[in-house]
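The block underneath contains the structure these notes are about, expressed in structure tokens.
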Amino acid sequence: MSRPTHVLGISAFFHDSAAALLRDGELVAAAQEERFSRVKHDARLPVHAIDWCLHHGGVGRDGIDAVVFYEKPLTTFVRLLRTYMKVGVRGFPSFRRAIPLWMRQKLWIPYEIENGLRSLGYESPKVWFTEHHESHAASAFYPSPFEDAAILTFDGVGEWATSSIGRGEGAEVTLLEQLDYPHSLGMLYSAFTYFCGFRVNSGEYKLMGLAPYGTPRYADTIRGELLDLRDDGSFTLNLSYFDYLRGLTMTNERFADLFGGPPRRPETELTEREMDLAASVQAVTEEVVLAMARRARERTGERKACLAGGVALNCVANGELLRAGVFDELWIQPAAGDAGGAIGAAYLGWHRMLGNDRPPPVDGRDAMGGAYLGPSFDSDE
-8 MSRPTHVLGI
2 SAFFHDSAAA
12 LLRDGELVAA
22 AQEERFSRVK
32 HDARLPVHAI
42 DWCLHHGGVG
52 RDGIDAVVFY
62 EKPLTTFVRL
72 LRTYMKVGVR
82 GFPSFRRAIP
92 LWMRQKLWIP
102 YEIENGLRSL
112 GYESPKVWFT
122 EHHESHAASA
132 FYPSPFEDAA
142 ILTFDGVGEW
152 ATSSIGRGEG
162 AEVTLLEQLD
172 YPHSLGMLYS
182 AFTYFCGFRV
192 NSGEYKLMGL
202 APYGTPRYAD
212 TIRGELLDLR
222 DDGSFTLNLS
232 YFDYLRGLTM
242 TNERFADLFG
252 GPPRRPETEL
262 TEREMDLAAS
272 VQAVTEEVVL
282 AMARRARERT
292 GERKACLAGG
302 VALNCVANGE
312 LLRAGVFDEL
322 WIQPAAGDAG
332 GAIGAAYLGW
342 HRMLGNDRPP
352 PVDGRDAMGG
362 AYLGPSFDSD
372 E
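Sequential numbering of the sequence shown, starting at -8, is according to this note's numbering.
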């Protein structure tokens, strides 16, 4: 009797590192490193999450058949270099801060993973790489209860893509269109997160929660000055208001002048301005999501859709999309952010790299069986 085939998916080295394990195509374990390390948004190689997943899955020392990393770091590095070349000397402080980490670690991810697995007592097979938004798309479609569906992904940025429209059919996930950096819905939302005094890549949920307390009185300003939304769901940002290309802050003085003063300092009192800014960018975000969804419906012809990427964690926008009736059914990856990229990477390893078919969903149930795929504890513990 042959042993099971195990595929390990890994996301790491940006934020919310995680691991996921497939056994013969079934998702049997997934965990985020911060749950073990107690470091919020831990970005390090998720050795604790990897160790738990492999032990939980009963994987032997030489039992890992494939390791798949959720993005292509060399492509991301090229984007960084081109961006720094574009902004010139203004980006040097950020360049000086970022490049040593790339040279020391991020350009050597296969070795980091191999060394990490060896330290845990496992042999490492060849490490494969997928594109960031392919990992998001795979995490949305493969575990979904749909045989075929449109796929929408949107976040800050992957390698180049910041959002994508794709289609899933059987064992195939295909990205059909994408919007590239620096034009990004996630970056727009994070810019307002920063301006309202919250931490980027952490406090976006606070901005979403703040939105109902305000009125969207700045929405027309955002539409008129910051964002040019086209009928097909694509858009461009007016980069003269943003500073994230240089890498140190999200917005600049021109942005502050447009919205009545400097950014709120963290932990200071929230004012009506911040509440109204939150309501405004939330309203615009929902408009962009709906426009992208209509384009996805038109492009794919599908009546069902799957969502992933950090912006898909915006449950208010998801609710608006559901109520708008653009699609008959939606399925949203619970770990829609970068942690879920480990799940998508593992599925791509199983279906694309190893060439396995995808069985039809059973009785309309998804393949995750809920989001509780990590360690559990009883009342005594």
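Just so it is clear, CB atoms sit at the ideal spot from N, CA and C, and this is done for glycine as well.
Suppose you measure from the CA of residue i to the CA of residue j; what does that come to, to the nearest Å?
{"i": "Pro424", "j": "Ala270", "result": "Because the chain spans -8 through 372 in this model, residue 424 falls outside it and cannot be assessed."}
{"i": "Val59", "j": "Gly251", "result": "47 Å"}
{"i": "Asp56", "j": "Leu111", "result": "16 Å"}
{"i": "His127", "j": "Thr212", "result": "31 Å"}
{"i": "Thr259", "j": "Asp329", "result": "29 Å"}
{"i": "Leu228", "j": "Ser367", "result": "44 Å"}
{"i": "Arg264", "j": "Phe189", "result": "14 Å"}
{"i": "Pro136", "j": "Leu321", "result": "10 Å"}
{"i": "Phe120", "j": "Ile1", "result": "10 Å"}
{"i": "Ser370", "j": "Met359", "result": "24 Å"}
Could you tell me which residues DSSP puts in a beta bridge with residue i?
{"i": "Val(-2)", "result": "Leu13, Ala57"}
{"i": "Trp119", "result": "Val59"}
{"i": "Phe145", "result": "Ser154"}
{"i": "Asp139", "result": "Glu160"}
{"i": "Thr377", "result": "There is simply no residue 377 to check, as the chain begins at -8 and stops at 372 in what is shown."}
{"i": "Phe226", "result": "Leu220"}
{"i": "Leu304", "result": "DSSP lists no partner for Leu304."}
{"i": "Leu18", "result": "Leu13"}
{"i": "Phe132", "result": "BP columns for Phe132 are empty, so no partner."}
{"i": "Phe233", "result": "Thr242"}
What span of residues does the beta strand (DSSP E) with residue i cover, start to end?
{"i": "Ala326", "result": "No beta strand (DSSP E) contains Ala326, which DSSP labels as neither H nor E."}
{"i": "His295", "result": "It should be pointed out that residue 295 corresponds to Lys in this sequence rather than to His. 295 to 299 is the extent of the beta strand (DSSP E) around Lys295."}
{"i": "Asp171", "result": "163 to 171"}
When burial is assigned at 16 or more other CB atoms within 10 Å of the CB, is residue i buried or exposed?
{"i": "Ala9", "result": "buried"}
{"i": "Thr165", "result": "exposed"}
{"i": "Thr206", "result": "exposed"}
{"i": "Lys117", "result": "exposed"}
{"i": "Val275", "result": "buried"}
{"i": "Ala315", "result": "exposed"}
{"i": "Pro325", "result": "buried"}
List the endpoints of the continuous alpha helix (DSSP H) containing residue i.
{"i": "Val279", "result": "263 to 291"}
{"i": "Leu179", "result": "176 to 186"}
{"i": "Val38", "result": "38 to 47"}
{"i": "Thr74", "result": "64 to 78"}
{"i": "Phe86", "result": "83 to 95"}
{"i": "Gly246", "result": "Here residue 246 is Phe; the residue named in the question, Gly, does not match the sequence. Where Phe246 is concerned, the enclosing alpha helix (DSSP H) stretches over 244 to 249."}
{"i": "Phe27", "result": "25 to 28"}
{"i": "Ser370", "result": "Ser370 -> no alpha helix (DSSP H), and no H or E assigned at all."}
{"i": "Pro101", "result": "100 to 110"}
{"i": "Tyr113", "result": "Taken as a continuous stretch (DSSP letters only), Tyr113 belongs to no alpha helix (DSSP H), as it is neither H nor E."}
Q.
Whether or not the region 94 to 113 and the region 32 to 39 are in contact is what I'm after, with contact meaning three or more pairs of Cβ atoms, one per stretch, closer than 8 Å; do they touch?
A. Output reads yes: the region 94 to 113 touches the region 32 to 39.
**Q.** Any 3 or more C-beta pairs closer than 8 Å across the region 75 to 91 and the region 121 to 139
**A.** Flag = no, the region 75 to 91 and the region 121 to 139 do not touch.
Q: Would you check if the region 335 to 342 and the region 303 to 320 touch, i.e. whether three or more CB-CB distances between them fall below 8 Å?
A: Contact fails: fewer than three Cβ-Cβ distances are below 8 Å.
Q: Could you tell me whether the region 165 to 183 touches the region 228 to 240, using the rule of 3 or more Cβ pairs below 8 Å?
A: Yes, they touch.
(Q) Counting beta carbon pairs with one atom in the region 1 to 15 and one in the region 40 to 54, are three or more of them shorter than 8 Å? (A) They touch, by the three-pair rule.
Q) Would you call the region 85 to 101 and the region 139 to 146 touching, i.e. three or more CB-CB distances under 8 Å? A) Too few Cβ pairs lie closer than 8 Å, so no.
Q | Contact between the region 292 to 302 and the region 145 to 160 (3+ Cβ pairs under 8 Å) | A | Taking a cut-off of 8 Å for Cβ pairs, the region 292 to 302 and the region 145 to 160 touch, as three or more such pairs fall below it.
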